[in-house]
Amino acid sequence: MTPEKELLFLALGGSGEIGMNVNLYGCQGKWLMVDCGITFGTPEYPGIDVILPDLQFIEERIDDLLGIVLTHGHEDHIGALPYLAGELDVPLYATPFTAGLIRGKLEEEGIEEKVELNVVDEEGPFNIGPFRITYTPLAHSIPEGNAVLIETPYGSVFHTGDWKLDDAPALGGASTAEELTAIGDKGVLALVCDSTNVFNPEASGSEAAVREGLDQVIGAAKGRVLVTTFASNAARLQTLGEVARDTGRELCVAGRSLDRILRVAKQTGYLRDFPETVDFEAAMDLPANKVLIVATGGQGEPRAALNRIAEGSHVLKVHEGDTVVFSSRQIPGNEIAIGRIMNTLAGKGVELITDRQAFIHVSGHPGRPELAEMYKWIRPEIVVPVHGEVRHMYEQARFALEQGVPKSIRQVNGDIIRLAPNGPSKIGEAPVGRLVLDGDIILPADGATITERRRVALYGQISAAVVIRNGKLAGEPQIRLQGIPVEEDREDFIAEASDAAREAVKKDGKGDVERLRESIRLAVRRAAVRYTGKKPVVDVLIIEQ
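Taking the numbering used here, I'd label the letters of the sequence shown as residues 2 to 546.
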């Protein structure tokens with residue numbers, strides 16, 4: 002599909018899920034991409050840490066893609082760039098802090114010379130083909146959170162990115178009600194809007210209030226305090242620097258991603274008054290009530306600093322009487338991993354504090370009162386909910402109509418939406434999907450490799466090897482098991498599986514090799530079903546002499 006004299010919207014990620022945001026706008030034969038993010042692996046994808054969007058639709062129209070505009074520096078908005086930007090081979094546009102994070106990622110992949118990265122001042126518009134782009138600062142949990150005003154011959158779109166309202170943001174500024182009202186005064190066709198917290202009946206709250214809550218919790222702690230938060234939550238890092246001063250504690254930072262955020266923030270003019278940090282050894286030498294550790298890993302990531310500290314494999318240690326503060330929300334799906342770390346810490350006698358016990362976290366996304374305010378200021382003709390699971394987006398579509406927005410539309414990844422003329426309406430579907438980063442290789446999320454891995458994880462694997470000479474078995478079949486639930490019956494099962502392979506050779510040994518291979522596979526699997534009730538993956542090696 003090529004956009005004609007119209008304005009189209011298409012989400013390839015982030016609509017119907019939390020994370021992996023990729024949005025396309027089409028106009029006069031050209032496409033513009035807004036954000037290109039990742040999501041993180043779940044048990045559904047064994048061995049996978051990073052999941053990427055499948056960009057097949059736009060890759061097939063790559064000559065019509067003009068560029069990628071990035072709203073802010075969170076992984077679910079920029080994380081796919083080091084893996085996909087080189088092949089897309091189009092210019093990237095980002096404000097200085099976001100560009101700094103992107104540049105570091107491109108350098109790690111060794112493609113910084115291959116990708117054009119344009120650093121854009123937040124002041125003033127710039128043109129990309131038929132699209133006129135203006136960054137509009139909004140409060141979020143990272144510096145330079147921006148909405149993007151996209152002006153076209155067929156109407157303007159206010160694409161919010163991630164946002165909230167905060168009268169006292171910890172880092173950077175945000176557009177005022179008057180400035181947002183002025184945008185609305187010029188006429189906005191569509192508000193493409195974050196749906197994450199649409200079920201929250203209250204506003205998200207200010208980062209300044211979090212400082213007060215952390216001051217109380219950390220000020221009352223008698224021993225060593227460790228706070229875990231999202232590394233990219235630079236606003237929370239600023240708050241924790243202030244809390245360290247407030248409570249008379251030295252600050253220690255643990256986690257590569259935290260180091261990277263601090264470095265880029267300082268390079269671009271943020272966190273200039275952040276306290277000097279102490280290294281791990283110095284932190285452990287300080288009196289316990291004089292140190293505040295900030296560590297990654299609050300979502301249960303096994304290789305992050307918090308998990309290694311909990312297990313005792315890190316230079317930094319926590320002991321009975323110390324406190325660990327979880328200054329972040331649990332991402333759905335991470336509850337088990339987080340609970341495992343919490344149980345390990347609790348077993349050491351460590352006090353655990355979450356946002357259920359104290360006011361130590363605020364979200365970076367808008368609750369219902371904030372959404373209502375944005376509708377009032379921008380006054381769009383259409384609300385297009387994005388950035389949420391289906392239930393979030395459908396609720397925002399309903400809520401927008403309730404608040405007086407004339408039109409809203411329910412869409413999910415792959416729905417091609419005409420916004421103008423005569424919109425909104427769904428006019429087609431695009432292929433969408435997921436890719437996985439497996440080591441250094443990008444694969445289809447539901448391709449042969451991951452499907453095979455799921456089967457092995459669920460059912461186990463058996464290898465059977467036989468040597469055939471003149472159609473007869475030469476020597477004993479060799480059977481090897483992985484993940485087969487036979488335990489103390491292991492040797493008995495191997496003997497039965499070996500007998501099954503032997504009988505298959507007697508029956509089909511003089512026939513076609515592939516027929517023999519299948520006969521052995523089925524015979525060994527039947528033996529496994531008799532023993533375990535499961536159908537494992539069976540691999541057969543035949544050596545002919």
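By construction, the Cβ of each residue, glycine as well, lies at the ideal position given by its N, Cα and C atoms.
Note that this is a predicted model, so its numbers are computed, not measured.
Buried or exposed: where does residue i fall if 16 or more other Cβ atoms within 10 Å of its Cβ makes it buried?
i      : result
Ser426 : exposed
Lys507 : exposed
Pro138 : buried
Asn119 : exposed
Asn308 : buried
Ser314 : exposed
Ala347 : exposed
Asp274 : exposed
Glu531 : This sequence places Arg at residue 531; Glu is not what is there. With fewer than 16 Cβ atoms within 10 Å of its Cβ, Arg531 is classed as exposed.
Ala498 : buried
Arg516 : exposed
Asp186 : exposed
Lys115 : exposed
Asn414 : buried
Glu45  : exposed
Arg481 : exposed
Lys291 : exposed
Val352 : The sequence given here places Glu at residue 352; Val does not occur at that position. It is buried - the Cβ of Glu352 has at least 16 other Cβ atoms within 10 Å.
Asp36  : buried
Just to check my reading of the structure: residue i and residue j have Cβ atoms closer than 8 Å, yes? What is that Cβ distance to the nearest angstrom?
i      : j      : result
Ile543 : Val467 : 6 Å
Ala171 : Glu208 : 4 Å
His388 : Gly15  : 5 Å
Pro486 : Thr533 : 5 Å
Tyr395 : Arg419 : No, Tyr395 and Arg419 are not in contact; Cβ-Cβ is about 20 Å, not under 8 Å.
Thr324 : Gly224 : 7 Å
Lys266 : Ala235 : The residue asked about is misnamed: residue 266 is Ala in this sequence, not Lys. At roughly 5 Å, the Cβ-Cβ gap stays under 8 Å, so Ala266 and Ala235 are in contact.
Val189 : Arg380 : 7 Å
Lys165 : Ala148 : At roughly 12 Å, the Cβ-Cβ gap does not stay under 8 Å, so Lys165 and Ala148 are not in contact.
Ile560 : Gly510 : Any question about residue 560 goes unanswered here, given that the chain covers just 2 to 546.
Leu9   : Ile417 : 6 Å
Identify the residues that DSSP records as bridge partners of residue i: which are they?
i      : result
Ile354 : Val326
His160 : Val149 and Val193
Lys473 : Arg470
Asn119 : Tyr94
Pro445 : Leu436
Glu545 : Ile469
Arg133 : Asn128 and Glu152
Ser10  : The question names Ser, but residue 10 is Phe in the sequence shown. BP columns for Phe10 point to Tyr26 and Ile418.
Compute the Euclidean distance between the alpha carbons of residue i and residue j, then round it to the nearest angstrom.
i      : j      : result
Ala305 : Asn471 : 57 Å
Ile129 : Ile69  : 10 Å
Ser258 : Glu76  : 11 Å
Ile79  : Glu321 : 40 Å
Leu25  : His160 : 11 Å
Gly334 : Thr43  : 7 Å
Gly20  : Ala245 : 32 Å
Leu227 : Gly74  : 25 Å
Thr177 : Arg133 : 22 Å
Ala1   : Phe327 : The requested residue 1 does not occur in the structure, where the chain is confined to residues 2 to 546.
Ala505 : Phe494 : 17 Å
Ser157 : Thr3   : 20 Å
Arg526 : Ala449 : 20 Å
Arg357 : Gly101 : 35 Å
Glu489 : Gly365 : 53 Å
Pro83  : Leu89  : 11 Å
Val23  : Lys535 : 40 Å
Glu477 : Ile442 : 38 Å
Thr269 : Thr248 : 28 Å
Pro537 : Ala528 : 10 Å
Gln239 : Phe281 : 20 Å
Glu545 : Ser464 : 17 Å
If distances are taken between C-alpha atoms only, which option among the options comes closest to residue i?
i      : options                           : result
Val91  : Ile59, Gln217, Gly476 and Glu117  : Glu117
Gln57  : Pro83, Asp280, Asn22 and Leu13    : Leu13
Glu5   : Pro154, Leu102, Pro83 and Glu109  : Pro154
Leu372 : Glu7, Ile63, Leu181 and Tyr46     : Leu181
Glu382 : Gly101, Tyr271, Val316 and Ser409 : Ser409
Gly206 : Asp167, Gln239, Ala359 and Lys187 : Asp167
Gly440 : Cys28, Ile52 and Leu11            : Ile52
Cys28  : Glu152, Asn147 and Glu113         : Glu152
Ala221 : Gly405, Leu293 and Leu272         : Leu293
Thr72  : Pro131, Pro144 and Leu107         : Pro144
Pro276 : Asn290, Gln462 and Leu252         : Leu252
Arg369 : Gly105, Val391, Val121 and Cys194 : Cys194
Glu213 : Phe200, Val199, Thr230 and Arg237 : Arg237
Gly299 : Ala175, Ala431 and Thr229         : Thr229
Please decide whether residue i counts as near chain D, where near means a Cβ-Cβ distance under 9 Å.
i      : result
Glu519 : Among the protein chains of the structure shown there is no chain D, as only one such chain exists.
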